[in-house]
Amino acid sequence: MRSSPWDRWSGGFWSLPWGYAAGTRSDFHPERVLSLCCEACKKVIFHVPSELEADKLVGRVDLKECLQSAEFISSSDGNFKVLEDGSVYTTSALSLSAEKKTFTILLKDIQEQVEKKIHVDLVEEEKKTPNTRHARDTVLKRTKRRWGPIPSVMIENSLGPFPLQIQQVQSDTAQNYTIYYSASGPGIDQDPKGLFYIERETGNIFATRAVDREQYPSFQIICFATTPDGYSPEVPLVHTIRIEDDNDNAPYFTQDLFEFCVPENSRPGVVVGKVIAEDRDEPYTLHTTLKYRIVSQTPPITPAFSLHGDTGVISVLLPQLDRELVPSYTLLVEVRDMAGQPFGLCTTGTVVVKIEDTNDNAPTFKQLQYETRVEENRVNVEVLRVSVVDLDEPGSPGSGAVYEIIRGNDDQAFEITTDKNTNEGILCVVKGLDYETAKQRILVIGVNNEAPYLLAPHSQQLSQSTCSVTVHVLDMDEGPVFKPCLLRLDVKECEDIGTAIGRYVAEDPETGNSEGIRYRIPPGQCNWVNIDDKSGEIRTVRVLDRDIGEMRRGQCNVTVLAIDRNGKTGTGTIQVCIVPGNKNFPRITQTDYIMCRDRKPICLTAQDGDEAPYSAPFEYRINDRRLASMWKLTPHDDNSWYLSPKSDIPYGIYEIPVSVIDNGGKIGENIVRVNLCDCVTPSECDGRTRQLAGGNVTLGLWAILAMILGSLLLLLILITICGCCGAGVMHRQVTDDCANHNLIISNTEAPGEEVMDHNIIPLQNTCDQGGYGVKTGEQQTFEMVKGRGHTLESVKGGGHQTLGSVKEGGGQTMMDTCRYSYSEWHNFTHPRLGEKVHLCRQDEEQKHSEDYLLSYNYEGKGSLAGSVGCCSDQHEEEALDFLDQLEPKFRTLAETCIKR
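In terms of our numbering, the sequence shown has 735 at position 746, counting the first letter as 1, and numbering is strictly consecutive.
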């Protein structure tokens, strides 16, 4: 009977193999027990017998947990050896003299220079005593029995009859007990349920119906053996039922249509492609061993391809595949299982092989000779089209024509290109032809393909196809010709206006001279030069400076026209190039220095805006003889010189005139200010105060802030004084009897706000009130507002004074009572009111207006500023009854002031 893991139950506990350490696997030995060990790199403990034989496996250690890549493995004890997988073996027979033996495993990574150790302890295993069961039970012994049968096999798609017995399980304990059998798992109480069942008394396993292996390749059921009282003398048995495959599935191709391409003229054996088929039956059996073959070929000519029966690879068979003859092939292929035997199942598929074009056909001209005509001096005109014949696939690089002029075009006057739409060659004249030089030109044109020519097998090399073209030049009246067509003129920078820089003339091809030719420069070009219309002399019209706008490029092309007596024109180009000049003075970049007691030389560095050769190297000189005797200059490099004192000169500030001469001889004057100070570091010297003595003084932040705060404080004091003075003026109240002979204060300004300006006319108000007439354009209105000390007679005096003040000659006296009569009011207002009414009745043309009392127009949203009417008292706005008691002459004024 086969042994299973369930058979290793002995004495009530599982027996594990000795020598099994920390996550490693080993063969099971029931007589030895595994003891848990420490982690790798610390300590490993093996429980072993007291006597060990030679070449005996002691245990296995996981070396990778300690060191991932160990290049050197050794044991400190020669009685043991360690393999690369961590297995520890004895090299000779030995016995444990003590209860414990220790050795060390050494691991080294030479590349990383890492070394680690694993301590191994061998401990003598303890003797085991079996545990006893219940008094009524006997000790189970390992004997060969039938409780572990081999896996069962059931044929796929079995025809029965059903139920079909497939296996029987029995327990040897049935000799001593009454045993009942049962089972569970897939096919019994799990999906597909009811497929199998087991007889309770006999242990026979039956199948109830056929099974499809592709759906359920195998089943694992668990069988149980129990006594009537529920005791299980046997451990549960895992039993496997395998479904044996039946060839019930035909192979099939993975694609409905396979498409491949192969270049024409490919050699035999060249791989075209591979067809792939699959079979759902059990792998690695005859049911899935497939064979391929070609059933038919279209067109039905000599077979062009072969198909490998085992791999499905299609290869070239025919030595010559010509696309021009057969552009594609269609193959009907078959795949059959059972290794291609006739009784195997088969399927067919379709393969299309397209023949790719190669350039195996050279292009040839349709004509070998051509003739054409062209006028002299014509440029960029098409003179002829040539065509070719090519048998390769149209539109492919193998048929695309590339034309070239082989002979007759030494001066590059002609050019030939390809029309991509028609594949024709277009011959053009790109340089004007001269009838006087050559009346006819003969060209030889050749043609090739875009792709290189590939010689087909068993064919001869073909020569390049050519044709000849005769071009007749027609004589024409030509215009002047500049020689050269492009003239370069170099002009020095910053030359004077009108400087002659060259001469540019043209010749008449018919006469060979320049007589009668005039020159001009068309407008719209850079205005740098002009040309003399008769002589062709070129002069500057501007100062040419490379630092100005459009001249920064330093170059300008000017087109010049030459016109002969017949009106024929010729063109030429002048390229004006500005040559850098010596226009900038060299200057020293820093002129203020502090020199301490160590008298370390100062490095003076100059800059020049010019380009070479008008810039560096510079030469430095001290212009003052007295200072030159005290200071000296020594070269450092092309741009810098050192300045240092010649001797022990006194401390102080020295202003040294230094001249810097550039390579072009231009001299730049500079003043170098050196503060020779008794200091260790420049920060100790008060150099800043000395430098600012003759310059502008700038205020610090705190000084500016103090000035602003002082100004604000002064402004606050002035506002306070003004407020106190204004509050001391005495206010007077209007009495009722005064109101009977005066205009009221009007606060009703709707619909628009009145504007106070310098045209206000003061009116009488003896109780500290004033009236003002506001003039707006040609129309005048009057508004009564509060005033302070204004009366009628103040107008006469030209100032804001009371009547009393006018009489007394002063402006300080205030009237305590309203003592002016109506006659005085009348004498003052009548003439002025008449004048105003007269003006109000006239329009802008000094004609009497039909309605001089004009209404206000609505001005939209009211002004945010308050009305001046707010200065009047509220009770005065409502007390309007006294207007009915005014005299008739005063009503005109009232009607003017009251807004209706």
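Note that CB positions come from ideal geometry on N, CA and C, so glycine has one too.
Who are the Cβ neighbours of residue i in its own chain at under 7 Å, not counting the five residues just before and after it?
i    : result
A351 : Y442, L451, S454
D234 : E145, R202, D270, E271, T274, H276
D408 : I415
R362 : H461, L463
E267 : P240, Y241, T243
G766 : Any reading at G766 needs caution, since the residue's pLDDT is 38, under 50, leaving its predicted position unreliable; the model's value is listed next. Result list for G766: empty, nothing under 7 Å.
D381 : D346, N348, N350, G387, S388
Strictly by DSSP, which residues pair up with residue i?
i    : result
L41  : L83
I656 : I650
P252 : E345
G435 : E393, T455
H461 : R362, Q429
N546 : Q564
K900 : The structure shown does not extend to residue 900, since the chain is modelled only from -10 through 889, so no value can be given for it.
K280 : R325
Alpha carbons only, please: which of the options is nearest the one belonging to residue i?
i    : options                : result
S903 : D180, T216, D399       : With the chain covering -10 to 889 only, the question about residue 903 has no answer from this structure.
V109 : G149, V50, K472, V142  : V50
D597 : F574, I583, A551       : F574
T93  : L85, Q102, S700, K70   : K70
F294 : V305, E404, F354       : V305
D326 : T278, K263, N398, F817 : T278
I232 : T80, A199, N193, L226  : A199
S636 : V669, V530, R588, C592 : R588
E484 : L533, D497, T459       : L533
V568 : Q579, C545, V103, K557 : C545
T218 : L694, H297, T167       : The amino acid at residue 218 is misidentified as Thr; the sequence shows Asp. Closest option to D218, Cα to Cα, is T167.
C335 : R282, I510, P292       : R282
N502 : V418, K472, N366       : K472
I344 : P316, L705, P512, E539 : P316
T558 : M540, R509, C515       : R509
C212 : P206, Y205, Y220, V224 : V224
L56  : C30, T818, I697, A43   : C30
F247 : Q102, T500, V341, F185 : V341
R312 : N193, T459, F332, P383 : P383
S81  : D66, D44, E113, C417   : D44
Y582 : A601, L665, I107, R542 : L665
Report, in whole angstroms, the separation of the C-beta atoms of residue i and residue j, which I expect to be a contact under 8 Å.
i    : j    : result
Y609 : V663 : Not quite, the Cβ-Cβ distance comes to about 14 Å (not below 8 Å), so this is no contact.
L622 : L632 : 6 Å
Y603 : N571 : 4 Å
G910 : D346 : Residue 910 is absent from the structure shown; the chain starts at -10 and stops at 889.
M584 : I577 : Between I577 and M584 the Cβ distance is about 16 Å, and since that is not below 8 Å, they are no contact.
I486 : V530 : 6 Å
L444 : E365 : That pair is no contact at about 45 Å.
V669 : G657 : The pair is not a contact, with the Cβ atoms about 34 Å apart (cut-off 8 Å).
Excluding the 5 residues flanking residue i on each side, which residues of the same chain have their C-beta closer than 6 Å to its C-beta?
i    : result
L83  : L41, N68
K420 : A402
V436 : P352, V377, A390, Y392, S454
E507 : Here residue 507 turns out to be Arg, not Glu, going by the sequence shown. So the list reads D522, I552, once near-sequence residues are dropped.
V661 : T580, I645, V647
G338 : F242, V322
F208 : P175, G176, I230
Leaving aside the five residues before and after residue i along the sequence, list all residues of the same chain whose C-beta is less than 8 Å from its C-beta, in chain order.
i    : result
N628 : T594, A595, Q596, A605, P606, F607
D613 : I645, P646
S457 : L357, Q358, Y359, I431, L432, V433, I434
L476 : G491, Y493, G561, T562, I563, Q564
M619 : P634, K635, S636, I638, Y643
D840 : Confidence at D840 is low in this model, with a pLDDT of 46, below 50, so the placement of that residue should be treated as unreliable; the coordinate-derived value is given next. Same-chain partners within the cutoff: there are none.
S147 : L153, A196, A199, V200
W136 : M(-10), V158, Q159, S160, D161, A214, E223, L226
Touching by the beta-carbon criterion (3+ pairs, under 8 Å), the region 166 to 178 and the region 186 to 205: yes
The region 467 to 474 in contact with the region 536 to 553 per 3-pair CB rule at 8 Å: yes
Inter-stretch contact (C-beta, 8 Å, three-pair minimum) for the region 305 to 321 and the region 242 to 257: yes
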